[in-house]
Amino acid sequence: MADDRTVLLVVDVQNDFCTGGNLAVRDGEAVVPVINAFGRRFRHVVLTQDWHPAGHASFASSHPGRKPFETIELAYGPQVLWPDHCVQGSTGAAFHAGLDLPHAEAVIRRGFRQGIDSYSGFIEADRRTPTGLEGYLRERGIAKVIIAGLATDFCVNWTALDAARAGFETIVVEDACRAIDLDGSLDRAWAEMAAAGIRRIRAAAMAL
Ligand code: VGL
Ligand code: ZN
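Numbered by our numbering, the letters in the sequence shown go through residues 1 to 208 in order.
Printed below as a string of structure tokens:
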């Protein structure tokens with residue numbers, strides 16, 4: 001059993017990132033049984049949920065003439081454009097029905113500001129708007145953050161990098177994640193995480 005200062009942070013296990021969803025990650029739903037079993041070993045579990053208003057700035061449909069997976073420049077920098085996904089209150093935004101973590105203690109929603117995307121569970125894409133997660137974990141006395149979910153190369157990567165920057169010991173459970181892998185983004189993500197001192201382990205190898 002993980003100790004009281006450790007949290008399992010489950011990133012965006014939502015229908016739109018699973019097979020049949022609007023931004024399906026290949027094999028996304030394969031993380032569900034791994035996370036369900038692994039999650040039982042944690043006293044503290046927190047979920048993140050991608051939660052966009054209709055017409056969000058990260059949607060290609062909000063930019064006439066643009067297509068999904070193109071990159072454009074927004075006020076805060078480059079932004080990959082996505083198919084409409086995780087619209088607030090939609091079935092696509094709901095957690096996968098098989099996700100079984102009744103002891104999860106908080107859900108952090110992000111990306112709900114019309115003009116700002118957010119891959120990180122800690123700080124939105126303008127790199128100045130906090131979600132409140134860092135303060136929440138700190139007040140709870142958390143020192144170690146174990147991360148699983150979707151997608152490895154976007155929300156998991158950005159969340160892990162910000163967790164490490166905030167000073168939490170950070171570990172990513174590789175077989176409890178799946179990637180979008182856009183133009184080499186997965187290799188880049190693992191390289192960035194390694195450079196930041198983030199450990200990468202398999203669920204079965206995790207000593208708790
Ligand atoms: C995500 C792209 C757009 C993710 C969210 O959860 O990795 N990716 N919105
Ligand atoms: Zn999104």
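Beta carbons are placed, not taken as given, at the ideal position from N, Cα and C, and that holds for glycine. No experiment lies behind these values; they were computed from the predicted model shown.
Can you find the residues in the same chain that come closer than 8 Å, C-beta to C-beta, to residue i, ignoring five residues on each side of it along the sequence?
i: cysteine 155; result: Val11, Asp12, Thr48, Asp50, Tyr119, Ser120, Gly121 and Gly149
i: aspartate 153; result: Ala179, Ile180, Asp181, Leu182, Ser185, Leu186, Arg188 and Ala189
i: glycine 141; result: Asp4 and Arg5
i: glutamine 114; result: Pro53, Gly55, His56 and Ala57
Does the ligand VGL have a heavy atom nearer than 7 Å to the CB of residue i?
i: alanine 189; result: no
i: leucine 150; result: yes
i: tryptophan 51; result: no
i: tyrosine 119; result: yes
i: cysteine 177; result: no
i: serine 58; result: yes
i: aspartate 181; result: no
i: cysteine 18; result: no
Taking a contact to mean a Cβ-Cβ separation below 8 Å, would you say residue i touches residue j in this structure?
i: isoleucine 198; j: alanine 151; result: no
i: phenylalanine 17; j: glycine 28; result: yes
i: proline 83; j: asparagine 22; result: yes
i: glycine 135; j: histidine 56; result: no
i: leucine 99; j: asparagine 36; result: yes
i: phenylalanine 69; j: valine 87; result: no
Just to confirm my understanding: we take residue i, look at its own chain, exclude 5 residues before and 5 after, and list those with CB closer than 7 Å. What are they?
i: cysteine 144; result: Correcting the residue identity first, residue 144 is lysine in this sequence and not cysteine. Counting only Cβ-Cβ distances below 7 Å, and skipping sequence neighbours, we find Arg5, Thr6, Phe168 and Glu169.
i: leucine 15; result: One detail in the question is off: residue 15 reads as asparagine in this sequence, not leucine. Counting only Cβ-Cβ distances below 7 Å, and skipping sequence neighbours, we find Gly21, Thr91, Gly92, Ala94 and His96.
i: valine 31; result: Val13, Ala148, Gly149, Leu150, Ala176, Cys177 and Arg178
When DSSP builds the beta bridges, which residues end up paired with residue i?
i: alanine 106; result: Val46
i: cysteine 177; result: Gly149
i: proline 263; result: Residue 263 is absent from the model: the chain starts at 1 and stops at 208.
i: glutamine 114; result: Answer by DSSP bridge pairing: none, since glutamine 114 is not bridged.
i: isoleucine 171; result: Ile146 and Arg199
i: glycine 184; result: Glycine 184 pairs with nothing; no bridge assigned.
i: glutamine 14; result: Phe95
Residues in its own chain within less than 6 Å of residue i by CB, not counting five upstream and five downstream?
i: phenylalanine 42; result: Ala2 and Leu8
i: leucine 208; result: Ala2 and Arg41
i: arginine 200; result: Val172 and Glu174
What I want to know is whether the C-beta of residue i ends up closer than 7 Å to one or more non-hydrogen atoms of the ligand ZN.
i: glycine 28; result: no
i: histidine 44; result: no
i: tryptophan 158; result: no
i: histidine 85; result: yes
Check whether the Cβ of residue i lies closer than 7 Å to any heavy atom of the ligand GTP, and answer yes or no.
i: glycine 111; result: Of the ligands this structure carries, namely the ligand VGL and the ligand ZN, none is the ligand GTP.
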